[in-house]
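Working notes, structure below.
Numbering (my numbering), first residue to last: 16 to 258.
Below you can see the structure in the form of structure tokens.
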């Protein structure tokens, strides 16, 4: 069970103090509602205390992954300062977008955030613009390059690519998940595909995702929209920041 304690800052800042945060990713200003925090060095060195949930157990609990769960009380506590934080974000992104486009996830956290931003800004939401890549689509561009010339990659990247490709080829038709791909090589995979780009011509999209890790999902969304002749997104909002 993962609970919310506003006085505990081991993993996440859940109050308006320190929130929201801003990160620049490939020309996209990413505003994050809640700031994720690194474990202390002492905590990280104690393997017996390794935290389930990739240093942000609440995200996994909200998605019901890795055996983690949360409850209504914790979710209500998480929203104690949300209105204040969201108001600040909306003031910063005002005038920089014409519609809101959530990025797909295994749990509709991005859709939830998109709807809340839409109520505050009056902007329309276009859902199902993207879909998650299948594994074979995600590794399609990099697999032949790596197979033909693995020596062109440094040793660590080659190791991470080899492990990722081996795992993904076993389930080529499953949805791609970056969890099983080393952070250093995620840029080589395509996490998204266009599903139904019904954004009116010329409308600037605000991208919305649940979690900012490396930013590759947002970068992929930007490239897909530009390749389709759409307007370039310059803003994004996520629930949780990078670490």
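Using N, Cα and C, we set each Cβ at its ideal position, and we do this for glycine too.
DSSP on residue i, reduced to helix/strand/coil?
i: residue 118; result: coil
i: residue 134; result: helix
i: residue 83; result: coil
i: residue 220; result: strand
i: residue 113; result: coil
i: residue 172; result: helix
i: residue 22; result: coil
i: residue 190; result: strand
i: residue 225; result: strand
i: residue 127; result: helix
i: residue 41; result: coil
i: residue 71; result: coil
i: residue 290; result: A question about residue 290 goes unanswered here, because the residues of the chain that appear run from 16 up to 258.
Report yes if the C-beta of residue i is less than 7 Å from at least one heavy atom of the ligand ADP; otherwise report no.
i: residue 221; result: The ligand ADP is not among the ligands present in this structure, which contains no ligands whatsoever.
Select from the options the residue whose C-alpha is nearest the C-alpha of residue i.
i: residue 50; options: 156, 44, 32, 40; result: 32
i: residue 197; options: 207, 256, 170, 186; result: 170
i: residue 254; options: 167, 36, 22, 19; result: 36
i: residue 110; options: 90, 100, 94, 137; result: 137
i: residue 189; options: 132, 152, 98; result: 152
i: residue 226; options: 166, 23, 142, 256; result: 256
i: residue 130; options: 119, 122, 115, 143; result: 115
i: residue 160; options: 180, 78, 143; result: 180
i: residue 215; options: 112, 162, 176; result: 112
i: residue 20; options: 93, 78, 54; result: 93
Identify, in the order they occur along the chain, each residue of the same chain with its Cβ nearer than 8 Å to the Cβ of residue i, setting aside the five sequence neighbours on each side.
i: residue 155; result: 205
i: residue 243; result: 209, 212
i: residue 182; result: 195
i: residue 96; result: 29, 30, 31, 34
Assuming contact is defined by CB atoms lying nearer than 8 Å, are residue i and residue j in contact in what I supplied?
i: residue 238; j: residue 191; result: no
i: residue 240; j: residue 233; result: no
i: residue 71; j: residue 27; result: yes
i: residue 218; j: residue 236; result: no
i: residue 18; j: residue 89; result: yes
i: residue 144; j: residue 133; result: no
i: residue 78; j: residue 258; result: no
CB-CB under 7 Å to residue i, same chain, minus the five flanking residues each way: which ones, in chain order?
i: residue 202; result: 231
i: residue 103; result: 35
Tell me, please, which residues DSSP counts as bridged to residue i.
i: residue 47; result: 36, 253
i: residue 28; result: 50
i: residue 140; result: 115
i: residue 209; result: 145
i: residue 239; result: DSSP lists no partner for residue 239.
Under 6 Å Cβ to Cβ from residue i, same chain only, skipping five residues before and after it: list those, please.
i: residue 108; result: 250
i: residue 43; result: 233, 251
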